[in-house]
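Peer 1:
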Amino acid sequence: MAGTADMAAGTGGAATALRLVLKRLGAGLVTMLLVSAVVFTVSSLLPGDAAQETLGQSATPEAVAALRQQYGLDRPAPERYLRWLGGLAAGDPGRSLVANMPVAEVIAGRLPNSLLLAGLTAAVSVPLALLVGILSAMRQDSRLDRGLNIATLAMVALPEFLVATLAVLAFSVELRLLPSIAMVKAGAGWGETLRSLAMPVMTLSVVVVAQMARMTRAAVIAQLGQPYVEMARLKGLGPARVVFAHVLPNAVGPIVNAMALSLSYLLGGAIIVETIFNYPGLASLMVNAVASRDMPLLQACAMVFCGAYLLLVLAADVVAILANPRIRQG
Amino acid sequence: MPAPGTAVPGIGYHVEVSGLRITAPRPDSGEAVIVHDVSFAIPRGGVLALIGESGSGKTTIALSLMGHARPGLRIAGGTVRVGGTDVLSLDAAGLSALRGARVAYIAQSAAAAFNPSRAIMDQVVEAAVLHGLMSRAEAEAKAVALFRSLALPDPESIGRRYPHQLSGGQLQRLMAAMALVTGPELVILDEPTTALDVTTQVEVLHAFKRAVREQGATAVYVSHDLAVVAQMADRILVLNQGRVREQGPASQVLKAPADDYTRTLVDAARPAARPAAPAAADRAALLEVRGLTAGYGRVGADGMPAVPILRDVSLSLRRGGTLGVIGESGSGKSTLARVIAGLVRPSGGQVLFDGAPLPPGLEGRAKDQFRRIQLVFQNADTALNPAHTVAGVLGRPLGFYHGLDRAARERRVRELLDLTRLPAAVAGRRCGELSGGQKQRVNLARALAAGPDLLLCDEVTSALDTVVGAAILELMAELRRELGLAYLFISHDISTVRATCDEVLVLYGGTVVEAGGRDAFRRAPFHPYTDLLVGSVPELEPGWLERRRAGAPVPSLPGPPGAGLCRFLPRCPVRLAGTCDRVPPPRRRLSAGNETLCHHDEDTLMRLQATRAEAAC
Ligand SMILES: Nc1ncnc2c1ncn2[C@@H]1O[C@H](COP(=O)(O)OP(=O)(O)OP(=O)(O)O)[C@@H](O)[C@H]1O
Ligand code: SF4
Ligand SMILES: [Mg+2]
Numbered sequence: 000m001a002g003t004a005d006m007a008a009g010t011g012g013a014a015t016a017l018r019l020v021l022k023r024l025g026a027g028l029v030t031m032l033l034v035s036a037v038v039f040t041v042s043s044l045l046p047g048d049a050a051q052e053t054l055g056q057s058a059t060p061e062a063v064a065a066l067r068q069q070y071g072l073d074r075p076a077p078e079r080y081l082r083w084l085g086g087l088a089a090g091d092p093g094r095s096l097v098a099n100m101p102v103a104e105v106i107a108g109r110l111p112n113s114l115l116l117a118g119l120t121a122a123v124s125v126p127l128a129l130l131v132g133i134l135s136a137m138r139q140d141s142r143l144d145r146g147l148n149i150a151t152l153a154m155v156a157l158p159e160f161l162v163a164t165l166a167v168l169a170f171s172v173e174l175r176l177l178p179s180i181a182m183v184k185a186g187a188g189w190g191e192t193l194r195s196l197a198m199p200v201m202t203l204s205v206v207v208v209a210q211m212a213r214m215t216r217a218a219v220i221a222q223l224g225q226p227y228v229e230m231a232r233l234k235g236l237g238p239a240r241v242v243f244a245h246v247l248p249n250a251v252g253p254i255v256n257a258m259a260l261s262l263s264y265l266l267g268g269a270i271i272v273e274t275i276f277n278y279p280g281l282a283s284l285m286v287n288a289v290a291s292r293d294m295p296l297l298q299a300c301a302m303v304f305c306g307a308y309l310l311l312v313l314a315a316d317v318v319a320i321l322a323n324p325r326i327r328q329g
Numbered sequence: 000m001p002a003p004g005t006a007v008p009g010i011g012y013h014v015e016v017s018g019l020r021i022t023a024p025r026p027d028s029g030e031a032v033i034v035h036d037v038s039f040a041i042p043r044g045g046v047l048a049l050i051g052e053s054g055s056g057k058t059t060i061a062l063s064l065m066g067h068a069r070p071g072l073r074i075a076g077g078t079v080r081v082g083g084t085d086v087l088s089l090d091a092a093g094l095s096a097l098r099g100a101r102v103a104y105i106a107q108s109a110a111a112a113f114n115p116s117r118a119i120m121d122q123v124v125e126a127a128v129l130h131g132l133m134s135r136a137e138a139e140a141k142a143v144a145l146f147r148s149l150a151l152p153d154p155e156s157i158g159r160r161y162p163h164q165l166s167g168g169q170l171q172r173l174m175a176a177m178a179l180v181t182g183p184e185l186v187i188l189d190e191p192t193t194a195l196d197v198t199t200q201v202e203v204l205h206a207f208k209r210a211v212r213e214q215g216a217t218a219v220y221v222s223h224d225l226a227v228v229a230q231m232a233d234r235i236l237v238l239n240q241g242r243v244r245e246q247g248p249a250s251q252v253l254k255a256p257a258d259d260y261t262r263t264l265v266d267a268a269r270p271a272a273r274p275a276a277p278a279a280a281d282r283a284a285l286l287e288v289r290g291l292t293a294g295y296g297r298v299g300a301d302g303m304p305a306v307p308i309l310r311d312v313s314l315s316l317r318r319g320g321t322l323g324v325i326g327e328s329g330s331g332k333s334t335l336a337r338v339i340a341g342l343v344r345p346s347g348g349q350v351l352f353d354g355a356p357l358p359p360g361l362e363g364r365a366k367d368q369f370r371r372i373q374l375v376f377q378n379a380d381t382a383l384n385p386a387h388t389v390a391g392v393l394g395r396p397l398g399f400y401h402g403l404d405r406a407a408r409e410r411r412v413r414e415l416l417d418l419t420r421l422p423a424a425v426a427g428r429r430c431g432e433l434s435g436g437q438k439q440r441v442n443l444a445r446a447l448a449a450g451p452d453l454l455l456c457d458e459v460t461s462a463l464d465t466v467v468g469a470a471i472l473e474l475m476a477e478l479r480r481e482l483g484l485a486y487l488f489i490s491h492d493i494s495t496v497r498a499t500c501d502e503v504l505v506l507y508g509g510t511v512v513e514a515g516g517r518d519a520f521r522r523a524p525f526h527p528y529t530d531l532l533v534g535s536v537p538e539l540e541p542g543w544l545e546r547r548r549a550g551a552p553v554p555s556l557p558g559p560p561g562a563g564l565c566r567f568l569p570r571c572p573v574r575l576a577g578t579c580d581r582v583p584p585p586r587r588r589l590s591a592g593n594e595t596l597c598h599h600d601e602d603t604l605m606r607l608q609a610t611r612a613e614a615a616c
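One line per chain: the protein sequences are A and B, in this order.
Going by numbering that gives the first Met the number 0, the first sequence opens with residue 0, and the numbers climb by one from there.
Going by numbering that gives the first Met the number 0, the second sequence opens with residue 0, and the numbers climb by one from there.
(1) Note the first and the last residue of the continuous beta strand (DSSP E) segment covering Phe-39 (chain B).
(2) Can you give me, in chain order, the residues of the stretch 120-137 of chain A that have a beta carbon less than 8 Å from any beta carbon in chain B?
(3) Just the chain A side, please: which residues come within less than 9 Å of Ser-333 (chain B) by C-beta, in chain order?
(4) Can you tell me whether Arg-194 (chain A) is helix, strand or coil according to DSSP?
(5) Contact defined as beta carbons within less than 8 Å: I believe Ile-489 (chain B) pairs with Ser-333 (chain B). What is the distance between those atoms, to the nearest angstrom?
(6) Output the boundary residues of the beta strand (DSSP E) element that contains Ala-293 (chain B).
(7) Cβ closer than 9 Å: which chain B residues qualify as neighbours of Pro-75 (chain A)?
(8) Is Phe-399 (chain B) near ligand 2, judged by its Cβ being under 7 Å from some heavy atom?
(9) Under 6 Å from any heavy atom of ligand 2, by CB: list those residues in chain order, please.
(10) Expressed to the nearest angstrom, what Euclidean distance is found between the alpha-carbon atoms of Ser-63 (chain B) and Arg-172 (chain B)?
(11) Look at Ser-195 (chain A) and Ala-181 (chain A) and say whether their C-beta atoms are less than 8 Å apart.
(12) For Arg-325 (chain A), report the span of its alpha helix (DSSP H) as first-last.
(13) Using a Cβ cut-off of 8 Å (strictly closer), state whether Ser-63 (chain B) contacts chain A.
(14) Report back the beta-carbon spacing between Gly-508 (chain B) and Phe-567 (chain B) to the nearest angstrom; my notes put them in contact at under 8 Å.
(15) Look at the alpha carbon of Pro-158 (chain A) and the alpha carbon of Pro-101 (chain A), and state the distance between them as a whole number of angstroms.
(16) If contact is defined by three or more beta carbon pairs under 8 Å, each pair taking one atom from either stretch, is the stretch 171-188 of chain B in contact with the stretch 216-230 of chain B?
(17) Within 8 Å (strictly less), CB to CB, does Pro-451 (chain B) reach chain A?
(18) Exposed or buried, Val-41 (chain A), counting other C-beta atoms within 10 Å across all chains shown (16 or more means buried)?
(19) Comparing the C-beta of Pro-158 (chain A) with each C-beta of chain B, is any distance below 8 Å?
(20) Compute the Euclidean distance between the alpha carbons of Ala-284 (chain B) and Ala-206 (chain B), then round it to the nearest angstrom.
(21) Which of the three DSSP states, helix, strand or coil, is assigned to Met-100 (chain A)?
(22) In terms of alpha-carbon separation, which member of B:Leu-322, B:Ile-74, B:Glu-477 and B:Pro-24 lies closest to Val-16 (chain B)?
(23) Check each residue of the stretch 80-101 of chain A: if its Cβ is closer than 7 Å to any Cβ of chain B, include it; give the result in chain order.
(24) Below 8 Å between beta carbons: does that hold for Leu-361 (chain B) and Ala-448 (chain B)?
(25) If I follow the unbroken alpha helix (DSSP H) through His-13 (chain B), where does it start and stop?
(26) How about Cys-430 (chain B) and Val-412 (chain B): do their beta carbons lie closer than 8 Å?
(27) So with CB distances below 8 Å, who are the chain A contacts of Arg-98 (chain B)?
(28) Closest Cβ-Cβ distance between Ser-328 (chain B) and chain A: below 8 Å?
(29) Which ranges would you report for the alpha helix (DSSP H) in the stretch 184-238 of chain B if only whole runs of at least 4 residues count?
(30) Mind checking if Arg-325 (chain A) is an interface residue toward chain B, Cβ cutoff 8 Å exclusive?
(31) Measure the C-alpha to C-alpha separation of Ser-283 (chain A) and Met-177 (chain B) and round it to an integer number of angstroms.
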């Protein structure tokens with residue numbers, strides 16, 4: 000007889016999972032390093048530099064050269080890169096040339112805003128996307144499914160600025176319900192903050208909900224055709240139980256992966272929303288840095304976005320690994 | 000109450016199906032009828048078998064007993080009553096309450112029907128707990144008791160494992176436990192042993208039969224295998240293309256079938272021995288394999304591949320001869336064929352073809368060597384591109400090996416189709432449009448197009464129904480007479496091999512444990528593994544399962560056998576402590592001309608297997 004399959008594998012499984020996670024983490028760090036090199040190279044290719052930008056067109060060449068030397072812009076590129084990398088690792092990405100204060104402080108002033116916006120959007124859109132995706136998968140090809148399909152397709156296709164503009168027209172101009180400018184004032188209560196963030200969150204949600212819902216639907220439908228699902232139905236389980244207890248544990252991997260991709264967009268991709276609602280987030284900070292050739296700030300912003308993206312993907316990988324008993328249990 | 004299995008008309012049926020009609024609505028042309036007006040009845044505690052070839056509607060009918068139709072099908076008419084409940088009129092809630100609680104299903108492939116992400120116990124007790132039949136603790140206790148009665152290892156802890164940690168046979172039994180834990184009044188078993196090796200199948204059948212009987216449940220047993228059905232059922236219903244051909248008590252249907260179609264089925268299940276090739280012991284060996292070692296993965300410093308599969312395999316096949324290779328799944332049968340074909344490089348040993356050593360791997364081989372050795376794959380579905388026409392598929396090797404021009408190619412394609420008994424009109428059809436049997440014929444024709452001397456046939460009939468498979472075997476025998484081909488015939492089915500081949504070779508764990516003329520495989524003494532294999536093939540006779548010597552379960556040994564030791568050691572029921580686990584077994588030639596790899600000599604094997612020998616006579 001085929002005999003006793005090894006039960007000892009269970010303990011080996013945890014080690015396997017840990018090793019896998021560490022491997023992903025290592026790969027993430029290597030990616031960060033590569034990205035830093037690319038960011039540095041690309042940003043040094045931009046025409047003009049901060050010294051010129053600060054002093055204006057009419058400055059004398061001597062003054063510009065003096066400022067360059069002060070900023071260290073006259074050093075060879077590899078040296079500047081290494082110095083910058085060292086600073087990054089130590090948590091000091093240099094001084095913002097335009098604001099004339101540490102980049103870390105500039106970012107610290109904006110990051111919470113961005114995280115708040117992203118967090119609220121995630122809190123709204125993830126449950127909504129799951130609901131829409133699962134519901135339309137369960138009712139595949141029904142009228143509900145087709146309706147939701149068209150709706151999400153339209154949402155994916157609509158440009159953000161259109162959604163944002165329509166929202167402003169509807170809620171601020173016509174209904175006068177919500178403020179059209181999303182300022183977070185220090186000391187404002189939760190109620191006020193939520194009210195002022197309502198429209199940016201709504202606009203961002205429109206885009207990511209549609210993406211995530213479509214991926215969720217596809218992942219669930221891929222599982223619904225499996226023999227184990229028919230078996231679960233033949234055990235007399237209701238449709239909700241079949242989906243939640245049987246299908247989702249197998250669809251978790253692809254679903255969280257899709258979520259990570261969509262959510263990573265919320266930090267760096269919120270530029271249009273931040274601009275329209277005049278919201279002080281990281282994306283608009285980075286665009287300003289490009290405009291003013293503020294390289295240290297630009298580079299740091301790019302690294303933050305990249306880091307956030309890698310973290311999300313890593314988290315998705317970890318969830319997928321933990322959800323898979325083949326890896327978890329060896 | 001009528002005794003189990005006797006059908007007293009009129010009263011007391013537990014399951015009654017009448018006028019069942021199932022259709023497949025088609026978008027274009029109305030609907031196709033899948034099941035035509037099927038009626039049957041089963042008394043309480045009876046076991047009815049539904050048999051027929053694939054596509055005959057067995058599973059569709061079985062599922063309708065639970066009010067379930069697969070996507071794309073519709074139960075269009077008729078009634079299904081189970082214990083007084085009109086199943087087809089139930090609403091969703093009613094069906095939920097019926098399924099899993101009163102009627103349970105055991106699926107064909109437990110490996111696919113268990114959820115890969117959840118522990119076994121969760122799945123086994125789920126229905127019982129959800130239907131409110133018992134508490135989780137009670138359900139687990141009952142499940143463990145069932146695991147024990149189904150002879151599963153570690154009944155206390157096996158429920159904590161996940162499906163990927165269990166073998167096919169274990170999963171199939173766990174699925175039976177899952178079905179029986181609620182104490183259902185009707186159990187549907189859908190080809191529950193088809194995916195298993197014969198030796199495992201016997202154990203599982205035993206376990207099923209006992210468990211269903213202990214519960215006093217009524218059962219519907221779906222199968223295409225008459226011999227298995229003979230062991231399990233009181234009554235048999237024969238289906239063909241969705242119609243009932245015949246139904247009656249098992250022994251009547253098997254011994255005195257009233258219907259022509261049933262007769263073909265019964266005949267196909269007992270393969271008639273084909274005459275051996277004209278004796279030609281003098282003819283030189285066409286293929287000779289000496290001390291072959293092969294496997295997968297990187298070859299290590301010791302010359303062994305990372306995953307060693309074949310160990311010291313030797314064989315010889317003469318021109319025009321047939322050599323059958325049998326062994327269970329994973330024993331290395333396909334690997335052997337791949338090495339000979341050059342698809343896998345051996346790590347040691349030699350392959351001689353027509354007296355000359357064949358270069359290992361594909362690179363060094365001459366075009367003519369490729370032409371003369373052709374491989375016919377297990378699964379014609381994947382071997383043929385469904386979008387290509389038959390003429391295109393056959394034309395390719397004709398152009399490649401023989402450089403035929405268009406006209407000559409067309410002529411040759413016609414000849415090949417004629418040779419494989421296919422109508423000439425098939426030439427213009429796409430492979431995807433052919434039936435399974437036709438595809439396998441095209442697959443053969445393609446191999447023949449090269450003009451080979453040796454065909455390596457890997458499970459060529461395994462994916463086919465018995466009747467269709469029998470016709471392919473018939474065709475292969477004719478081709479061999481007409482063209483003087485030699486076959487290396489790979490199969491897991493010893494009765495097919497015994498019927499078609501002159502010589503037989505038994506592989507176990509990548510070693511040749513027994514080899515000899517086919518007559519040596521008809522009566523004892525055998526190698527202990529061959530004995531297990533031969534004794535596990537169900538016979539077309541009710542009661543065989545019970546009569547079969549109830550082998551005491553072999554206490555399993557920890558770990559695989561050490562290097563050089565007998566590979567069968569962990570499962571061998573007659574192993575010798577102190578010898579088999581220390582000393583590599585010797586090769587012995589027995590008086591019937593066969594060679595075994597075992598410590599037991601002929602007389603001892605004879606003595607150990609005497610009971611079987613008597614039963615066979
Ligand atoms: N490409 C591969 N890499 C690694 N291992 C392999 C590979 N192909 C086959 N194996 C392993 O080699 C062993 C023998 O496989 P093989 O296909 O020869 O068995 P078989 O006797 O033909 O089985 P079956 O009856 O199921 O077809 C199995 O354990 C299989 O898992
Ligand atoms: S050598 Fe020993 S273990 Fe192997 S088959 Fe013979 S008796 Fe069994
Ligand atoms: Mg094989």
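The C-beta atom is built at its ideal place from N, Cα and C for all residues, glycine as well.
The model shown is predicted, which means the values in this text are computed figures rather than measured ones.
Peer 2: From the atom records:
(1) Against the second sequence, residue 39 (chain B) aligns to sequence position 40. That run of the beta strand (DSSP E) goes 30-42.
(2) none
(3) In the second sequence, counting from the first residue as 1, residue 333 (chain B) sits at position 334. Going along chain A, no residue has its Cβ under 9 Å from Ser-333 (chain B), so there is no contact; the nearest lies around 20 Å.
(4) Here residue 194 (chain A) corresponds to residue number 195 of the first sequence, with the count starting at 1. Helix at Arg-194 (chain A).
(5) Translated into positions along the second sequence, residue 489 (chain B) becomes position 490. Translated into positions along the second sequence, residue 333 (chain B) becomes position 334. Yes, Ile-489 (chain B) and Ser-333 (chain B) are in contact; Cβ-Cβ is about 7 Å, under 8 Å.
(6) Along the second sequence, read from residue 1 onward, the residue named residue 293 (chain B) stands at position 294. Here the beta strand (DSSP E) through Ala-293 (chain B) covers 284-298.
(7) For the purposes of this step, residue 75 (chain A) is taken as the residue at position 76 of the first sequence. Within chain B, no residue comes near Pro-75 (chain A); the closest Cβ sits about 46 Å away, beyond 9 Å.
(8) Along the second sequence, one-based indexing puts residue 399 (chain B) at 400. For ligand 2, not one heavy atom lies less than 7 Å from the Cβ of Phe-399 (chain B).
(9) B:Pro-527, B:Cys-565, B:Phe-567, B:Leu-568, B:Cys-571, B:Val-573, B:Arg-574, B:Leu-575, B:Cys-579, B:Pro-584, B:Cys-597, B:His-598 and B:His-599
(10) Working through the second sequence from its first residue, we reach residue 63 (chain B) at position 64. Working through the second sequence from its first residue, we reach residue 172 (chain B) at position 173. Going by the C-alpha atoms only, they are around 23 Å apart.
(11) Along the first sequence, one-based indexing puts residue 195 (chain A) at 196. Along the first sequence, one-based indexing puts residue 181 (chain A) at 182. For Ser-195 (chain A) and Ala-181 (chain A), yes; Cβs fall inside 8 Å.
(12) Taking the first residue of the first sequence as 1, we reach residue 325 (chain A) at position 326. Run containing Arg-325 (chain A): 324-327, per the alpha helix (DSSP H) assignment.
(13) For the purposes of this step, residue 63 (chain B) is taken as residue 64 along the second sequence, with counting starting at 1. Cβ-Cβ to chain A under 8 Å: no for Ser-63 (chain B).
(14) As a working note, residue 508 (chain B) is residue 509 in the second sequence. As a working note, residue 567 (chain B) is residue 568 in the second sequence. Confirmed, about 7 Å.
(15) Reading the first sequence from its first residue, position 159 is the one you call residue 158 (chain A). Reading the first sequence from its first residue, position 102 is the one you call residue 101 (chain A). Their backbone Cα atoms lie some 36 Å apart in a straight line.
(16) These segments touch.
(17) Indexing the second sequence from 1 puts residue 451 (chain B) at position 452. It does not; no Cβ of chain A falls within 8 Å.
(18) Within the first sequence, residue 41 (chain A) is the residue found at index 42, counting from 1. So Val-41 (chain A) counts as exposed.
(19) In the first sequence, residue 158 (chain A) corresponds to position 159, counting from 1. So, not an interface residue.
(20) Taking the second sequence and counting its residues from 1, one reaches residue 284 (chain B) at position 285. Taking the second sequence and counting its residues from 1, one reaches residue 206 (chain B) at position 207. Whole-angstrom Cα-Cα distance: 46 Å.
(21) On the first sequence, position 101 is the one that residue 100 (chain A) refers to. Residue state, collapsed to three classes: strand.
(22) For the purposes of this step, residue 16 (chain B) is taken as residue 17 along the second sequence, with counting starting at 1. Measuring from the Cα of Val-16 (chain B), the nearest candidate turns out to be B:Ile-74.
(23) Listed in sequence order: no entries.
(24) Indexing the second sequence from 1 puts residue 361 (chain B) at position 362. Indexing the second sequence from 1 puts residue 448 (chain B) at position 449. No, the pair does not count as a contact, with Cβ atoms beyond the cut-off.
(25) Mapped onto the second sequence, residue 13 (chain B) falls at position 14. Segment 12-24 is the beta strand (DSSP E) holding His-13 (chain B); no alpha helix (DSSP H) there.
(26) As a position in the second sequence, residue 430 (chain B) is number 431, starting the count at 1. As a position in the second sequence, residue 412 (chain B) is number 413, starting the count at 1. Not in contact: Cys-430 (chain B) and Val-412 (chain B) (Cβ atoms no closer than 8 Å).
(27) Numbered from 1 along the second sequence, position 99 holds the residue referred to as residue 98 (chain B). Chain A residues near Arg-98 (chain B): Arg-232, Leu-233, Lys-234 and Gly-235.
(28) Walking along the second sequence from the start, residue 328 (chain B) turns up at place 329. By this cut-off, Ser-328 (chain B) is not an interface position.
(29) 197-214 and 225-231
(30) One-based indexing of the first sequence puts residue 325 (chain A) at position 326. Judged by the 8 Å Cβ criterion, Arg-325 (chain A) is in contact with chain B.
(31) Counted from its first residue, the first sequence places residue 283 (chain A) at position 284. Counted from its first residue, the second sequence places residue 177 (chain B) at position 178. Cα to Cα, the separation comes out at about 59 Å.
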